[in-house]
Amino acid sequence: MTPTPTPTGAGSPPAAAEPPVGLPRLLAGVAGGGPPMDLLAHLSRHGPLPARGRRGPALIEVLERSGLCGRGGAAFPTFRKLAGVAARRGPAVVVGNGTEGEPASAKDRRLLTAVPHLVLDGAALAARAVGAPDAILAVHPAAAPAVAAAVAEREARRMDRVRFRVAVPPERFVTGEASALVHWINSGVATPTMRPPHVSERGVDHRPTLVDNVETLAHIALIARHGADWFRTLGTPGDPGSSLVTISGPVGRPGVYEISRGMTVREVLQAARGATEPLQALLLGGYFGTWLPSGEAMELRLCAEGLRPAGASLGAGVLMALGVGSCGLVATARLASYLADQTAGQCGPCVHGLAAIAGELDRLARRAGRVDLERLSRWGREVEGRGACHHPDGAVGMVRSGLRTFAEEVRLHQAGACSAASDAPVATGAGAAAGA
Ligand SMILES: Cc1cc2nc3c(=O)[nH]c(=O)nc-3n(C[C@H](O)[C@H](O)[C@H](O)COP(=O)(O)O)c2cc1C
Ligand code: SF4
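Start counting the sequence shown at 0; every next residue gets the next number (numbering that gives the first Met the number 0).
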């Protein structure tokens, strides 16, 4: 007989569900564009949260063996962050980072609107492990109704010990930076703060604070149920598990996909029904990411060790394809202008340096005169590492990879020409992927 699913804390718990085999894991049972999975459907698919064992301190040990690294961009080992906050004195706070200010990413919105309870499970488990009575879900406006409804379902059944709060920060690129998010929660101002102190020591209301990406929390929910060995059955030994990626540009079906870490770029693009025109380049990792010529990128494996030799990383899981009909220099200049505009306006090198770099790139993209490339790269070196956060470093890294990958285009533009077939706008975001 199939057991009737019952939420934890409301009678006898449902039997543990069979662990999902292969892909998808996070998005298992999710139909494209359907309503969020409600609590009963969630428990029926995934089973209840483990009562003991893989909760609390034991969870940190399981996470260490699982090899889970953060899915918010920096890929820091998750267990280490939990252990750091758990070691602090006093009640902690968990912040689920679902702000997703990265324009080329839609994966956190997709996750939160499809399976909000998986993220809330992860936040509840992390809260238990670090000693936090409060968890704040800071989410993109598009995801807020689904998350608020899921919290209400759980509260109605008194399912969690942790108190959940849903917050919708301003939609700016820098808002998702951990210290900016905490600053906004504390004071309503979404700008990064100087470290020390790190938010893990002194964060929300001066309490030790764990800021984890919402996808990271969802993986925690599955690892707590199925264990470290199960997690490692996908991915590579050095970079285990699955992850969500947002694919945009000229592909058959742009959107959010769950992949096994270590799949090649070619395999992942095939999942999106392949390129609809010959590709010249890919941006891996998002606006802070790395442009690579498509010939070099296609056989790269999407995992830390596969991307490192190319100087790239998966970041927040972004793959942006650029067709041969578009100008890579124009695309790079647009991204640089966007990032310069998104500075939080408090560190001189970031404010003035990024604006100057973006201005010169814009001139080059418009073929409005020759640009001193040596001076441009010197400005990059002068800006790097000089901000309170990594915003300028990420921007300069992306620009540098664009100038390298589109070197021939740079030469053409310096001579007043351009290889692009038309002046058609270049897609530079997940707008194309939003329908996924
Ligand atoms: C400018 C900037 C913007 C960021 N935006 C986000 C974001 O939108 N979402 C996110 O999860 N992390 C973002 N991060 C990374 C966070 O600071 C932090 O590392 C992350 O939320 C930690 O979660 P994880 O360990 O689960 O990856 C950003 C970092 C920088 C420097
Ligand atoms: S480096 Fe830039 S984005 Fe970061 S805090 Fe300073 S001004 Fe703001």
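Heads up, the beta-carbon is just placed ideally off N, CA and C, and yes, glycines get one too. The structure displayed is predicted, hence computed values, not measured ones.
As assigned by DSSP and simplified to three states, the class of residue i
i	result
S43	helix
V250	strand
M461	Nothing in the structure corresponds to residue 461, since the chain is present only between 0 and 435.
C349	helix
V150	helix
Y337	helix
V255	strand
S376	helix
T208	strand
A280	strand
V382	helix
A419	coil
A30	coil
T3	Residue confidence for T3 is low, a pLDDT of 29 falling below 50, so the modelled location carries little weight; the figure read from the coordinates is stated next. If DSSP states are grouped into helix, strand and coil, T3 belongs with coil.
D189	The sequence shown places Ala at residue 189, not Asp. Three-state DSSP puts A189 in coil, outside helix and strand.
L25	coil
R365	coil
T342	coil
A436	Missing from the structure shown is residue 436; the chain here goes from 0 to 435 and no further.
S11	Because the pLDDT at S11 is just 40, under 50, the model does not fix this residue reliably, and the value given afterwards should be weighed accordingly. Reduced to three states, the DSSP call for S11 is coil.
D120	helix
L48	coil
P196	coil
L202	Note that residue 202 corresponds to Gly in the displayed sequence, not to Leu. Residue state, collapsed to three classes: coil.
V441	Limits of the chain in this structure are 0 at one end and 435 at the other, which puts residue 441 out of reach.
D228	helix
H389	coil
P35	coil
A357	helix
Distance, residue j Cα to residue i Cα
i	j	result
V198	E176	11 Å
L233	L372	44 Å
P391	V165	30 Å
L25	R362	44 Å
S178	G384	17 Å
P191	V203	13 Å
M193	A303	28 Å
R127	V161	8 Å
A40	G305	37 Å
D228	P76	17 Å
P239	L411	43 Å
D107	A27	15 Å
P47	T235	28 Å
R369	A416	12 Å
E266	G347	43 Å
A50	A134	19 Å
V329	G401	10 Å
E295	A280	9 Å
Opposing strand residues paired with residue i [DSSP bridges]
i	result
G97	V138
D133	V92, R162
C68	P76
S239	Just to set this straight, residue 239 is Pro in the shown sequence, not Ser. According to DSSP, P239 bridges with G234.
R300	T263
T245	V255, V317
A274	V250
Residue i, enclosing alpha helix (DSSP H) - first and last residue
i	result
V213	213 to 225
L321	Element bounds for L321: not the alpha helix (DSSP H) but the beta strand (DSSP E), 317 to 322.
T180	The sequence as given places Leu at residue 180; Thr does not occur at that position. First-last of the alpha helix (DSSP H) with L180: 177 to 186.
H412	406 to 413
R109	106 to 113
Bounding residues of the beta strand (DSSP E) (the contiguous stretch that carries residue i)
i	result
L291	289 to 292
A270	Counting along the chain, A270 falls outside any beta strand (DSSP E), though it belongs to the alpha helix (DSSP H) covering 264 to 270.
Stretch-stretch touch, CB-based, cutoff 8 Å, three pairs: the segment 312 to 327 with the segment 110 to 122: no
At least three beta-carbon pairs within less than 8 Å, the segment 255 to 262 to the segment 85 to 92: With a cut-off of 8 Å, the segment 85 to 92 and the segment 255 to 262 do not count as touching, because too few Cβ pairs lie within range.
Contact between the segment 142 to 158 and the segment 63 to 74 (3+ Cβ pairs under 8 Å): no
Touching by the beta-carbon criterion (3+ pairs, under 8 Å), the segment 311 to 323 and the segment 235 to 246: yes
Cβ contact (3+ pairs, closer than 8 Å) linking the segment 90 to 110 and the segment 200 to 218: Contact holds: three or more Cβ-Cβ distances are below 8 Å.
Inter-stretch contact at 8 Å, needing at least 3 Cβ pairs: the segment 336 to 355 / the segment 120 to 129: no
At least 3 beta-carbon pairs within less than 8 Å: the segment 283 to 296 vs the segment 215 to 225: Touching, no, given that fewer than three Cβ pairs across the two stretches are closer than 8 Å.
The segment 69 to 82 / the segment 180 to 187 touching (three or more Cβ pairs under 8 Å): no
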